[in-house]
């Protein structure tokens, strides 16, 4: 804590000069930094000073102010008094101030504000004389005592409101301001008495005592429950602290030529180039916040207060130019004069972010690089998926995890077969399941959205839905699915098959009925931004695609290749599932071979279409990965049906399924372990790959398969599988009399593979990090089971982020970095990529860029997001991001 | 392959001089090195020469001999001829030689031998004249052709034996040697014709051609199926190759004053100081090997050939002195003269190893350190557990994994309750289960041994049995357990409850009936060796002990503290299990608290007894680790019974159990995750620990608890649990008005913990590596499921060792080394130990010693083994092991 003792604690601003600048947000908070910067560039701002935020934690720990703060505050007060010509506590010409919180990161409404500080029984008379308006003066006093009581003495607001209400009723009037002065005086007296009784202390008449009490209260407000919760929710560190801004009061409530409001320099929803906001005439800021009166659209101010409006437009333009970004401003008009009370970078929708970035490039305000740097990659989701029309009237059923973005309406069905049938028939259906399994895949394909009662952000439903760009809400609260009765109940309501619901996978909300949707639209601006991003990014972006459809979609979104083609997804539907099951239950190699022979042409056909879709870009194909029991039914009646289909005894099939049961399937017979035990599976898949590749190549198509061995733990496993791959490839090349180039590499998804990456790289030509499984094994944490305690962990600060959502750079990332390093030591040109769920997460993209990886791969709808993130990572590497991010 | 071209390829020995020495085993093989060394020190050895083993792989790759070999062989042959005065192919005085394999590591009977080489139609006459015994000469010729046909031409032995049999029947005689000379000549002719027909080649008459053929054949024999299998079984590298020894023939079949045999310089079973072996009069070595005649005990030679016997005793003493170890020798007596053909270090039983080491120290032959270095730690198992009397007549039922050493007899039972009841009543029972679960614990305690149909070396049954020092055979082949019918069937036989069986957990064999057992005996020699080991070892050895009984046993075996006390094992029996279940199904904190209050005094009592047993040595107590569902029943009738006991609806309990179900329990809600979600569990356990510690301390007992947080993944988890531990400890100290010292540390059993060990060490005072779980997560390999493919992996060389048996130093070990390093960087005095199943594995002990860990911890019966291994590790660190291991 050397900071507070060596740096100034107080920063003055006023009369066109300021001790602080916009760059000092860490010390002054966002509001303080904005006020200082505005003052310096000549914007009309009431003078004041800011107490540094690093004092906050110090105060909260010791409940004491450092000695030197008093001198610095008094010095600033003197400057304020000499600048305004008013004096704190002066009975003739009293200085009144506002005391406001302001952290480096905006936490709207989370902390406290006190207006009109300096009023007491003496100065209220001075204010009366100054304003010539006793009612205004006493109303201000009344408000101050009320605010002070609630903020500094932590008293309930209720009793104050009741007193006020009594007086209003007695006088039979509606608006506070219409109370007669004598009544207002009586209210103030009763307020003070209330303070005395409830707080056990006198209301402080002395303005300096008022001020120190207010400063302490603002610091204290950093640690209110709601402030702490807000920070947790928004990942704001508790150690940041808030600054305190003490600013000379200007009054928006001096009459109909006064007012107060907030405005954006452009429309934050659409990006349109016009002031956007609202204001109230004859009001103080708290009236806008409290919602007691309906504010007017900012446009109407043009007529009501034309001069002030013009001035506001000029200020907005100036600030935009100066900060080179859209501003979100607070202002007060006192008797026709505009005063700016705050400015900050405006939050905006994804649509607006893209439009504004493009417009500002056109306006010469920012460079293309800055435009790219400014758009939060995840905001693109809004451009890529349908959204619910904000004007829609909605009937909320429940909320769950926003597992896959986008909104959809449909009638509910509870069974994958039925979903498929109705979906094929053109009906919009939403598949509702307790949780989905690979067996539900065909139903998910035909559903508009998926809703589950269980599972997390990386459950089967979530992963598959994101892959298909379909909305999904998982683990919906209180959802009880009765699959037999074709019904679900939630929060006391019951929804039956055929009822309409609307699912918003971007927010996790589920509504009854059919909401109006807005279709996504990929604007010209979107394409411009993407083009700029492509020019900047170093890291390439590939798509995770298991079907020709995914592959096409990935290409449309700009993917340069497929980073993960999960061949098992080809086996989950129709005839293929039957042949797959036949293969699994086969009693010997010959039986397996017969079933595999049926699968071969199907896989070959898929690969051919995928290769064509990728037009010569690399296609990384992962050999069979999941445990075989995933392909088999679990329920007795399904088992009986399958036994009939395969012409075997139910008891025999049950026995086979029992033997395949695993205690920890995640750590069982899967990945390359399958290919080693059943080399004929590997051989079939590799044959399908190379026959397809040769067919495409023979017709002059370009093709670049990358065969990927899953779940390698030791180099010997890789070597055993590689032998088969090379052999079969050679056979096919001989048969077809054509050769295609290919690479042979492995997933790195087990800690042991990362730890021995130098050995594995001796054999493998590329590594693709499977961050899902690598996270599971590194943490000893099952995705499927973590739902029982991860929420608690997040809520109680045991972990900052869900490691399945945000790549754990300290743990998993360390292994990845080690593997990259070890691998490249053995094979300098080792190709490196990541293909887990994190591939589309901007922080993971940045991490991969820093490690010098070749590519990231993600689901189709995240490809644009990853491209933008990759461009931003490249800018960060050049130091460009930091500069552009330093704006307010 | 620069070796063969720069080093000599051929090493001569004879006339008291040799090109090689005993230290050159790598080049000469064991046999060649022994022959060279014996020649040098004046032992009677027939002259000869050795072709270097590094030529073997070269030959096998190219099927060619390097040019310079021919010159060197011819040169050696000339020296042999001049030394013996005989000449290869000489019709008057023919030189005959044996051609034998011999690798650096003994592979008895695995490779080929050819005797009497040099015989042909001419030299056989010379041999007749030399020996004055035509029948001997032709019998030798007959044998040579037969051996050559089978070894060099790879012909079946059958036709040769048939021909010989025909001639014997025709002459109506029994012994080969009694055939008339003419018959023998006819046999030789027919043998040669057979060679011509079956091999398509003439039998080579030219002795040099015979010799080169034989050399090639010996090299080829390195790669026979059985040799390869043997090497795999015994971990002998394929790259070693065999040397070829060409030695002048001496004949043990020249009459009743001749003979051949093998002998040990001391009894290899008991260590007794007397020649131990057997011999045949008038025989060649192959007669001993073939078993066609019954050899005589070596003692009888004292009377039959007193001079040779004396000479043999003298030679044995000389060799023991020279090599400073017990020797295993082959010899031939030719007309009363003793010739030594081989000497090597004798294999010995665990009992003998200990006795011989002690005797040799007393004889001044070796130092105490050498004695310690020479005893294979795992051989102590024979001293610590009952063994089956080798004279017992046995009826083998099946073989499984040798999961826990020792032998036991008992009647079979199939149910833990019944095992407990009968066991308590004093019956010897063996618990037979498909696989065991924690619920069977009480039955296992009372059983003499455990037999399971499933599970691996680290299954529940195996781990618990080893902990209790009880025999266990797991995954017995073909064992089908019908627990309902109280019966098992195996290999067509059926065993019913009450039938006797014998289980040998050291070999994995299971026998029908009651075999005679030999009780273990811890001799004075054992204690001497242990005392020497203790003086040498640096690393300390602790015991894994969950009960006061285990703790006492650990102390008796010399454990200096408890490295792992698994508190959950205290919950699995009787009242405790009931209270535990009550705690698990409790609906709120209050309900959990009530159940925990019942568990508190039970745990406290256990801890008190354990602390007392440990007499002030550190006791590492791991807080609750397994997932809660492990404590709950699975079968519907058990669930119904429990519901009645707890006074709740069966449906409610079923629901609770269903909700606790996990897809991958290994990666689920367990370890410190439990203590974080249910802090009251941690608080209860910690209170029990410190109340017990204070009670012991108050009565002047010394006590040193080390509280261990399990399954830490992040430092925050540790911090959260540490807070509770410190708080509760402080409370107890206040209440009891006494303070005990303690440490607070964590298991490192997840890769993430190892990767962030620097952070964790900021808070944790010790690390204990849980290598079981660390292996599971690092490999992504479930112990419970690996049984489906690990056997295949081992058999097909995908892995060299089961990573749950032998610590995987390249992968898991790398993480451990990293964690030690990172941890000590933050906290230089960090205490480090290992407490997984590997703690008793000698190779892991050596690894821990190299890392400078403080201790290893293992099950009670492995403590002496670990102590010996720790001493050997300390010797290895000083370079002492290598020297003592360099003896033949």
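Residue numbers (the numbering used here), protein chains in the order written: chain S, 2 to 889; chain P, 2 to 889. All residues carry an ideal CB built from backbone N, CA and C; glycine is no exception.
query, result
"Rounded straight-line distance, which links the Cα of residue 581 of chain P to that of residue 718 of chain S", "44 Å"
"7 Å Cβ shell around residue 641 of chain S - same chain, five flanking residues per side excluded", "651"
"N-terminal and C-terminal residue of the beta strand (DSSP E) that residue 328 of chain P is part of", "328 to 335"
"Stretch-stretch touch, CB-based, cutoff 8 Å, three pairs: the segment 49 to 66 of chain P with the segment 371 to 378 of chain P", "no"
"Residues near residue 619 of chain S in its chain [Cβ-Cβ closer than 6 Å; skip 5 each side]", "562, 705, 707"
"Proximal residues of chain P, C-beta to C-beta of residue 512 of chain S below 7 Å", "Result: empty, since nearest Cβ-Cβ is about 28 Å, beyond 7 Å."
"Short Cβ contact (8 Å threshold) for residue 405 of chain P with residue 463 of chain P", "yes"
"In DSSP terms, what residue 623 of chain S is bridged to", "S/567, S/709"
"Those residues which DSSP pairs with residue 13 of chain S across a bridge", "S/50"
"Proximal chain P residues relative to residue 667 of chain S, where beta-carbon distance stays under 9 Å", "664, 665, 667, 668, 781, 783"
"Completely contained alpha helix (DSSP H) runs for the segment 819 to 848 of chain P, where each covers 4 or more residues", "none"
"Contact residues within the segment 707 to 718 of chain S, judged by C-beta distance below 8 Å to chain P", "712, 714, 715, 717, 718"
"Residues near residue 298 of chain S in its chain [Cβ-Cβ closer than 7 Å; skip 5 each side]", "279"
"Proximal residues of chain S, C-beta to C-beta of residue 674 of chain P below 7 Å", "790"
"Partners in chain S for residue 721 of chain P, counting only beta-carbon separations shorter than 7 Å", "799"
"Span of the beta strand (DSSP E) around residue 405 of chain S", "402 to 405"
"Chain-ordered neighbours of residue 47 of chain P on chain A, where CB pairs are closer than 8 Å", "The structure shown contains no chain A; its protein chains are S and P."
"Contact check, residue 376 of chain S vs residue 354 of chain S, beta carbons under 8 Å", "yes"
"Outcome for residue 72 of chain P when other beta-carbon atoms lying within 10 angstroms are tallied against a minimum of 16", "exposed"
"Assigned secondary structure, residue 82 of chain P (DSSP; H/G/I helix, E/B strand, else coil)", "helix"
"Beta strand (DSSP E) segment containing residue 510 of chain P, residue limits", "510 to 513"
"Residue from P/518, P/70, P/277 with nearest C-alpha to residue 392 of chain P", "P/518"
"Chain S residues whose Cβ lies nearer than 7 Å to that of residue 178 of chain P", "Under the 7 Å cutoff, chain S gives no residues; its nearest Cβ is about 52 Å from residue 178 of chain P."
"Interface flag, residue 793 of chain S vs chain P, CB-CB below 8 Å", "yes"
"CB of residue 543 of chain P within 8 Å of CB of residue 858 of chain P, strictly", "yes"
"Residue of P/625, P/210, P/559 minimising C-alpha distance to residue 572 of chain P", "P/625"
"Those residues which DSSP pairs with residue 346 of chain S across a bridge", "S/328"
"Residue-chain proximity (residue 391 of chain P, chain S), Cβ-Cβ < 8 Å", "no"
"Classification of residue 21 of chain P by the beta-carbon crowding that lies within 10 angstroms, buried from 16 upward", "buried"
"Uninterrupted beta strand (DSSP E) stretches inside the segment 534 to 601 of chain S (no shorter than 3 residues)", "541 to 545, 563 to 567"
"Spatial distance of residue 188 of chain S from residue 331 of chain S (CA atoms)", "30 Å"
"Cutoff 8 Å: residue 777 of chain S Cβ touching any chain P Cβ", "yes"
"Residues of the segment 812 to 824 of chain S with Cβ closer than 7 Å to any Cβ of chain P, in chain order", "812, 815, 816"
"Interface flag, residue 756 of chain S vs chain P, CB-CB below 8 Å", "yes"
"Given residue 656 of chain P as reference, the closest of P/610, P/587, P/99, P/721 once Cα atoms are compared", "P/587"
"Residue 653 of chain P, buried or exposed, once every other Cβ within 10 Å from all chains shown has been counted against 16", "exposed"
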